[in-house]
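So the structure is just underneath, and the comments pick up after that.
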Amino acid sequence: MRIPELLLPCGDMESLETALLYGADAVYLGADGPNLRAGAAGFSGPNLDSACTLARAAGVRVYVCLNASPREQDMPLVRQGLEQAVEAGADGLIVADPGVARLAMRHAPRIPLHISTQANTRNAEALAFWRDMGAVRANLARECSAAEVAALARARDAHLPGFGLEIFVHGAQCTALSGRCQLSAHMVERAVNQPGRTASMGACAHPCRYEYRLRAVVEERKRQGHDAWEVLERWTDDADAPGQAPWTQYFAPQDLCLLWQTPWLARLGLDALKVEGRTRSSAYLAVTADAWRYALDSLAAGAFRPREALSELRHAATRPLTAGLFGADARRPIPGLDRLSPRRPPMLRVLARAGADDAWAVELKGSLDTRRSEGLTIIEPGLSRPVLPPGSFHLEHGPDSATPGLPAQMGHPGMRAVLRAAHPALRPGIFAR
Numbered sequence: 001m002r003i004p005e006l007l008l009p010c011g012d013m014e015s016l017e018t019a020l021l022y023g024a025d026a027v028y029l030g031a032d033g034p035n036l037r038a039g040a041a042g043f044s045g046p047n048l049d050s051a052c053t054l055a056r057a058a059g060v061r062v063y064v065c066l067n068a069s070p071r072e073q074d075m076p077l078v079r080q081g082l083e084q085a086v087e088a089g090a091d092g093l094i095v096a097d098p099g100v101a102r103l104a105m106r107h108a109p110r111i112p113l114h115i116s117t118q119a120n121t122r123n124a125e126a127l128a129f130w131r132d133m134g135a136v137r138a139n140l141a142r143e144c145s146a147a148e149v150a151a152l153a154r155a156r157d158a159h160l161p162g163f164g165l166e167i168f169v170h171g172a173q174c175t176a177l178s179g180r181c182q183l184s185a186h187m188v189e190r191a192v193n194q195p196g197r198t199a200s201m202g203a204c205a206h207p208c209r210y211e212y213r214l215r216a217v218v219e220e221r222k223r224q225g226h227d228a229w230e231v232l233e234r235w236t237d238d239a240d241a242p243g244q245a246p247w248t249q250y251f252a253p254q255d256l257c258l259l260w261q262t263p264w265l266a267r268l269g270l271d272a273l274k275v276e277g278r279t280r281s282s283a284y285l286a287v288t289a290d291a292w293r294y295a296l297d298s299l300a301a302g303a304f305r306p307r308e309a310l311s312e313l314r315h316a317a318t319r320p321l322t323a324g325l326f327g328a329d330a331r332r333p334i335p336g337l338d339r340l341s342p343r344r345p346p347m348l349r350v351l352a353r354a355g356a357d358d359a360w361a362v363e364l365k366g367s368l369d370t371r372r373s374e375g376l377t378i379i380e381p382g383l384s385r386p387v388l389p390p391g392s393f394h395l396e397h398g399p400d401s402a403t404p405g406l407p408a409q410m411g412h413p414g415m416r417a418v419l420r421a422a423h424p425a426l427r428p429g430i431f432a433r
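In this text, residue positions in the sequence shown follow this note's numbering: the first is 1, and each later residue adds one.
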């Protein structure tokens, strides 16, 4: 059994450093071209060179996304993105549009071509088409069930040996066909995979996660008297609106997590397991990456331990986790997570030493009240979680504050401070909660 590549998202340099520290085999990121994540800072110009150099030194591959569906006026941006990828020495290009794929084969023939999930690949003939176009790997459509993934893996082995397959195994799901949604453009003029009137492509506002109120029954014309579907609301005793139906997230699927299916996916011979989230925080990425790295490493060692990894993913999850189309019921959350310890997301990131051996410059990632602290848990790679007990650490105002060196009892996201603590697990890039 070959262990799949762990492919992690990077929206900025901090996320890249986090992915490298917490176990990525490969990362995917956007350059200047159309890459479907306008909200991410990206890696334009010299930043892409720096990213590839940093990843190469760590033995991690870099795949550059050019996976939008550009219009004719956007093609100069595509060429610009291709030029940047070539100059930076990228290890792969992720595309979805046939025109972009053709340009890539012409202008960047030495960079392996990967097909994005946006291409909605769901059958072996489509895999063969992309292989004939010069691609070496395809990310299957998000709508593929477990049976479909297995069938495509068998077809690949029989007819397309050597062609790579990958799927998304963790992160946000989408109600649209492989993310081809126009709801964002319709509601807030922020386009998903095409340019909008007032925003660049890749600027999805995620209106599927907005809260709505039901005001009509959905009924199809030729089936009068029969509801097309049923929408249920939970009523609330909210003091602000007693007895009123709440605003509800009708269209929002839960987040995906295929951790339990990892051994099966490895036996199928998938080449990569991909984590969604180029616009998510580096704190989210640290916990998610570490859990998945631990799961894959334990599988490679012959002692797969999903429960430990899953309990850690609880701290990164902001929505219920589900097996999606790989489960018997795509809406059913993974059982047992609600019985685990309370969610404790990362609260700070170590930046660098701050002079003395026990002084570390840190940036807070959440609101922190050290007076109520039960200790500081270091998020050490390998799912190791050493704890600094209360009294063994404290925060000080940073040198840029009005009161440098004085104790900081309260902190807020983005605040720079000095952590006074001594532990061998502390080093630049490490997170703690």
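Just so you know, even glycine gets a beta-carbon here, dropped at the ideal spot from N, CA and C.
Identity of the residue in the options nearest residue i by Cα
i      : options                        : result
Glu396 : Pro428, Asp358, Ile378, Leu383 : Asp358
Arg71  : Gly81, Gln80, Gly89, Asp97     : Asp97
Leu376 : Cys257, Val387, Gly382         : Val387
Ser281 : Val64, Pro345, Tyr294          : Pro345
Phe43  : Glu87, His206, Gln173          : Glu87
Gln261 : Ile334, Thr18, Ala185, Pro207  : Ile334
His423 : Pro389, Pro413, Ala57          : Pro389
Ala31  : Leu54, Ser392, Ile94, Val149   : Ile94
Pro109 : Asp74, Met133, Ala124          : Met133
Identity of the residues DSSP links to residue i by a beta bridge
i      : result
Glu396 : Pro407, Val418
Cys204 : According to DSSP, Cys204 bridges with nothing at all.
Val95  : Leu66, Ile115
Trp360 : Arg353, Leu419
Ala158 : In DSSP, Ala158 forms no bridge with anything.
Asn139 : Glu166
Arg497 : The question about residue 497 has no answer, for the chain in this structure spans 1 to 433.
Gly429 : In the DSSP output, where bridge partners are listed per residue, Gly429 has none listed.
Ile378 : Ala432
Gly171 : Leu256
Residue i versus residue j: straight-line alpha-carbon distance, rounded
i      : j      : result
Ser311 : Ala119 : 33 angstroms
Ser373 : Arg385 : 16 angstroms
Asn47  : Val60  : 16 angstroms
Arg267 : Thr322 : 21 angstroms
Phe168 : Val287 : 17 angstroms
Asp91  : Gly225 : 57 angstroms
Ala402 : Gly327 : 54 angstroms
Leu103 : Ala303 : 45 angstroms
Arg416 : Leu348 : 9 angstroms
Asp227 : Arg221 : 10 angstroms
Trp360 : Pro399 : 12 angstroms
Arg197 : Glu219 : In this prediction, Arg197 has a pLDDT of 40, which is less than 50 and means its spatial position is unreliable; what the coordinates show is noted afterwards. Each residue's Cα considered, the two are about 33 angstroms apart.
Arg156 : Ala135 : 14 angstroms
Leu21  : Val275 : 16 angstroms
Ala199 : Leu337 : Low per-residue confidence applies at Ala199: pLDDT is 39, beneath 50, and the placement is therefore not dependable, though the value from the model is reported in the following sentence. For Ala199 and Leu337, the distance between alpha carbons rounds to 38 angstroms.
Ala153 : Ser145 : 12 angstroms
The alpha helix (DSSP H) enclosing residue i, as first and last residue numbers
i      : result
Tyr284 : 282 to 300
Ala126 : 124 to 132
Gly81  : 75 to 88
Cys52  : 46 to 57
Ala19  : 13 to 21
Inter-residue CB distance, residue i and residue j (contact presumed, cutoff 8 angstroms)
i      : j      : result
Tyr294 : Leu383 : 4 angstroms
Arg137 : Ile111 : Not quite, the Cβ-Cβ distance comes to about 12 angstroms (not below 8 angstroms), so this is no contact.
Pro4   : Leu270 : 5 angstroms
Leu160 : Ala128 : 6 angstroms
Leu16  : Ala57  : Between Ala57 and Leu16 the Cβ distance is about 12 angstroms, and since that is not below 8 angstroms, they are no contact.
Boundaries of the beta strand (DSSP E) in which residue i is found, first to last residue
i     : result
Leu8  : 5 to 9
Ala26 : 26 to 30
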